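Engineer: Residue numbers are given in UniProt numbering: position 469 of the sequence shown equals residue 469, and the series is strictly consecutive.
Beta carbons are placed, not taken as given, at the ideal position from N, Cα and C, and that holds for glycine.
All values reported here derive from a predicted model rather than from experimental measurement.
Just passing along the structure, written as structure tokens.
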Amino acid sequence: MARQVGEKFYTSIEDQTEVKFVFTFNASSIETLIHSYIEFTRILGCPKQSIAMVVTAKDACLEKKIMQLRGLASPKLEKYSSWMMIVDNVTDLELVSKYFPHKKKNTSGNGHVLVATQDSRAMTLDSNYTFFCSISPDMKTVDAIKTLKEISTFSKEQEEVFEVAKALDCQPLSLACAAIYMRNAFKRESPITWTTFLEEHTKAATRTDVKTGLTCPASMKAAVMMALEKEISDSILMLAFQFLSVMAPEPISLEYVVQYVKTCKPDTNDQVVAARVRSSSLVRISAEGSTVSVHQVVHDCLQTVMSQHKEINIELLELLKMLKAFPLLRSYNTEDIEHIFTTSSLLIHFLTFIRRLEHLVERSLSSEILLQIPSEEKDTTNSLFLVSDIIYTYGHYIASEICKEISTAIQEGMSDENDPRLAETMKKLGLINLKTKKHQQGEKYLEKALAIQEKAYGHDDSHLATTLNEMGFCHRLQNQHQEAMRCFERALAIQEKAYSHDDPRLATTLNKMGFCHLGLVQHQEAMRCCERALAIQEKAYGHDDPRLATTLNEMGFCHLGLGQHQEAMRCFERALAIQEKAYGDDDLRLATTLNGLGVSHRLQNQHEETMKCFERELAIQEKAYGHDDPRLATTLNEMGFCHRRQNQHQEAMRCFERALAIQEKAYGHDDPRSATTLNEMGFCHRRQNQHQEAMRCFERALAIQEKAYGHDDPRSATTLNEMGFCHRDLGQHQEAMKCFERALAIQEKAYDHDDPRLATTLNEMGFSRRDLGQHQD
């Protein structure tokens, strides 16, 4: 019905000069919605590269990616004078509504958003722009009887047909299933009557035990089960439904269904299979006939029917064989934009497939079942590997890890334990674990991968370099900089032996070494790595390639660490110019560069330029992540610090308060990241003579730090000194002295006795003793 409304809207605009569109979004899940948005932005003419960058971003969840795609689409809407967005299959209206325009906000022209949902609990009529219309799902009795007769082609027994319609509550799905049952039964059995159907249906309703995601009467489930049992007596439909039972109930290309049937029945004609699938009333066919789907209740019943009386190993082989239905898995390239777009419609199906595969392994009570897969199915591991890559692209790291683990287990059963293919899977598993912050588990997988490669290729083969780089990255994430450096140095030695000294692969390793040196506060060594990496990149790519920007940023931070602020500024400015040329003015990749540039300005007391950088960085982050992402807190703190340096304490306080609210929402109330913000807030309060408020901030910061780091961490010394200042401002000199004495004890333990940081604390202790009249001390 929503589609009919859309067609009527489109055709009702007779003015040929009007630029118009109607587009339907499938909002049944977040995965189907992102596919719809990808298609929407493509149709509107958004740059493919920009869409691909949003989709493949590794630091954004699906929800954030949808918001970014909406941001790409918004400017394109301005050229349309009339448009309609149909948001179909909405199961959670509150969740979905934030992804579409409201009350003519950020839109132009005569725009409409039509939402089709059964989620009436979230329906609000809070303005003149919102209208609600309730449509009954039931048919009139006369139409129900007509449907039963037409689909079944069994037109006798008018009174009995009426009783069937009444027993099925005139529900369209139930009626269609009853008619299918009668049509198939009439072809094979004699005699058959509607009365016979009612008797069978009553029996089926008492024994049907199908769990479904939708609330539906037992009469509907029984009718669906009866229809399915008749339909799958046809060998082609049995295989088609077998495939559809493992995929999601969402639209999927009919081509894949046909491919699976042909995999199982090679001599079957493509057109015959497609026509047979289209002929089933249990299958929904798209208007153009290219995609098929099934009702959720049909899907739930299919899963029950297809898994009945099957041994797990047989079901597993059938499941893995389904991957052969996707020809694109033989040539999928994660770097190919068109491949990324093609697979967006398959995301929900692959996720459903993996859940089914995982459930099957769990039912077997042992993963050893995967070791028993015949060797002739070895292509399965490659397909699983690529499915894992596809869902990893969209940020489903846990599902990707499960897929890779199953692929690894199958590989182990098929091949020698030192097979290099196994190393690639281990490496992928390691990276997924790093992404999900399971660093130690990731390290184990990477070590296994390296051991396999060393046995297969030797100790200085170029295959090892990538693995060593990933191991180094793993160590760096765990702040194990010495171990990381050993990995990077070994990787570089291998690459220098395998490739020329100006091969761009060396630049990647040199950059990683530079970051590691920065972590060890070895700025000179870091600079040497970066300078060599930059020279290689300039020779390989030219002087304005965006890959240079990462190296230039790293060099900028090295210069900052060395106190070379002008040199740092030049690096960040060049990086920014390259990025703006390559990506535009508001790309997320500019944020790091703007941060570095802002810090450079701040260290030179150029507060106005500093604020411009941080404000622009914040705007980019808000567009990419939303308004409450924890990454914004760092930028807000920088802005607050800049305001504070200019004695703009009210403005600074607003920045710090927003940063704290974001941090508390993201990390909880005792995360050490909040301590820095609380200290800044305390300082602002103290400067405004709000000493009680300041003390509360410092005391809370100290409690957080002591819980996180212990009682003698040097970070606590800074807070104790601030508390000492606050006590002294209040004339509480004894309390101030206690704070300074404790701060000094911590600093003496942490630093050398001639460290300048001790001088500040000693000076303050001297002032406090003076205030106490202890002039000799």
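Let me confirm a value: residue 390 is counted as buried when at least 16 other C-beta atoms fall within 10 Å, else exposed. Which label applies?
Structural biologist: buried
Engineer: Among 514, 721, 296, which has the Cα closest to the Cα of residue 550?
Structural biologist: 514
Engineer: Any idea if residue 43 is buried or exposed, counting beta-carbon neighbours within 10 angstroms, 16 or more meaning buried?
Structural biologist: exposed
Engineer: Do the stretch 76–89 and the stretch 605–613 make contact, defined as three or more Cβ pairs closer than 8 Å?
Structural biologist: no
Engineer: Take the Cβ of residue 31 as the centre, count every other Cβ of all protein chains shown within 10 Å, and call the residue buried at 16 or more, exposed below.
Structural biologist: buried
Engineer: In terms of alpha-carbon separation, which member of 263, 347, 361, 298 lies closest to residue 327?
Structural biologist: The residue among 263, 347, 361, 298 with its C-alpha nearest the C-alpha of residue 327 is 263.
Engineer: Going by Cα to Cα distance, which pick from 71, 661, 337 is closest to residue 779?
Structural biologist: Given a span of 1 to 777 for the chain in the structure shown, any question on residue 779 remains unanswerable.
Engineer: For the alpha helix (DSSP H) that contains residue 540, what are its first and last residues?
Structural biologist: 523–541
Engineer: Are there any heavy atoms of the ligand NAD lying less than 7 Å away from the beta-carbon of residue 160, as far as the coordinates show?
Structural biologist: In the structure on display, the ligand NAD does not appear, and there are no ligands present to speak of.
Engineer: Mind checking which residues open and close the beta strand (DSSP E) that includes residue 754?
Structural biologist: Run containing residue 754: none; DSSP gives neither H nor E here.
Engineer: How many angstroms separate the CA atom of residue 298 from the CA atom of residue 282?
Structural biologist: 7 Å
Engineer: My guess is that residue 781 and residue 341 are in contact by the Cβ rule of under 8 Å, so how many angstroms apart are they, rounded?
Structural biologist: Outside the shown range of the chain (1 to 777) lies residue 781, about which nothing can therefore be said.
Engineer: If we count Cβ pairs, one from each stretch, closer than 8 Å, do we get three or more for the stretch 550–562 versus the stretch 571–578?
Structural biologist: yes
Engineer: Evaluate the contact criterion for the stretch 670–677 versus the stretch 643–650: three or more CB pairs, one atom per stretch, below 8 Å.
Structural biologist: no
Engineer: Can you look up residue 219 in the DSSP assignment and give me helix, strand or coil?
Structural biologist: It is helical.
Engineer: Residue 286 lies in the alpha helix (DSSP H); which residues open and close that run?
Structural biologist: Taken as a continuous stretch (DSSP letters only), residue 286 belongs to no alpha helix (DSSP H), as it is neither H nor E.
Engineer: Return the first residue and the last residue of the alpha helix (DSSP H) that residue 243 is part of.
Structural biologist: 235–246
Engineer: When the distance is taken between beta carbons, is residue 302 closer than 8 Å to residue 384?
Structural biologist: Taking C-beta atoms as the reference points, residue 384 and residue 302 fail to come closer than 8 Å.
Engineer: Taking the alpha-carbon of residue 149 as reference, which of 284, 175, 168 has the nearest alpha-carbon?
Structural biologist: 175
Engineer: Leaving out five residues on either side along the sequence, give the residues of the same chain with a beta carbon under 7 Å from the beta carbon of residue 357.
Structural biologist: Annotation for residue 357: 319, 406 place their beta carbon closer than 7 Å to its own, counting only its chain and skipping 5 residues before and after.
Engineer: Between residue 294 and residue 273, how many whole angstroms is the CB-CB distance? I'm expecting something under 8 Å.
Structural biologist: No, residue 294 and residue 273 are not in contact; Cβ-Cβ is about 17 Å, not under 8 Å.
Engineer: Pick out whichever of 729, 250, 504 has its Cα sitting closest to the Cα of residue 33.
Structural biologist: 250
Engineer: Give every residue of the same chain whose Cβ lies closer than 7 Å to the Cβ of residue 106, excluding the five residues on either side of it in the sequence, and list them in chain order.
Structural biologist: With a pLDDT of only 48 at residue 106, under 50, the local geometry of the prediction cannot be trusted, and the value read off the model is given with reservation. The residues are 74.
Engineer: Count the other CB atoms, across all protein chains shown, that sit within 10 Å of the CB of residue 543; report buried if there are 16 or more and exposed otherwise.
Structural biologist: exposed
Engineer: Indicate whether the contact test is met: 3 or more Cβ pairs, each with one atom in the stretch 232–242 and one in the stretch 264–271, closer than 8 Å.
Structural biologist: yes
Engineer: Mark residue 759 as exposed unless 16 or more other C-beta atoms lie within 10 angstroms of its C-beta, in which case mark it buried.
Structural biologist: exposed
Engineer: With distances taken Cα to Cα, identify the nearest neighbour of residue 471 among 772, 308, 487.
Structural biologist: 487
Engineer: Can the beta-carbon of residue 786 be found closer than 8 Å to that of residue 659?
Structural biologist: Only positions 1 to 777 of the chain appear in the structure, and residue 786 is not among them; the question remains open.
Engineer: Could you give the residue range of the beta strand (DSSP E) that holds residue 96?
Structural biologist: That residue, residue 96, is in no beta strand (DSSP E); its alpha helix (DSSP H) goes 93–97.
Engineer: Do the stretch 219–229 and the stretch 195–210 touch if we need at least three Cβ pairs shorter than 8 Å?
Structural biologist: yes
Engineer: Who are the Cβ neighbours of residue 518 in its own chain at under 6 Å, not counting the five residues just before and after it?
Structural biologist: 526
Engineer: Within its chain, find whatever has a CB closer than 8 Å to the CB of residue 537; leave out the 5 residues flanking it on each side and keep chain order.
Structural biologist: 504, 507, 545, 547, 548, 551
Engineer: CB residue 693 to CB residue 721, shorter than 8 Å?
Structural biologist: no
Engineer: So which of 432, 436, 422, 433 has the shortest CA-CA distance to residue 451?
Structural biologist: 422
Engineer: So what's residue 400 in DSSP terms, helix, strand or just coil?
Structural biologist: helix
Engineer: Could you give the distance in angstroms between the alpha-carbon of residue 463 and the alpha-carbon of residue 61?
Structural biologist: Rounded to the nearest angstrom, the two C-alpha atoms are 32 Å apart.
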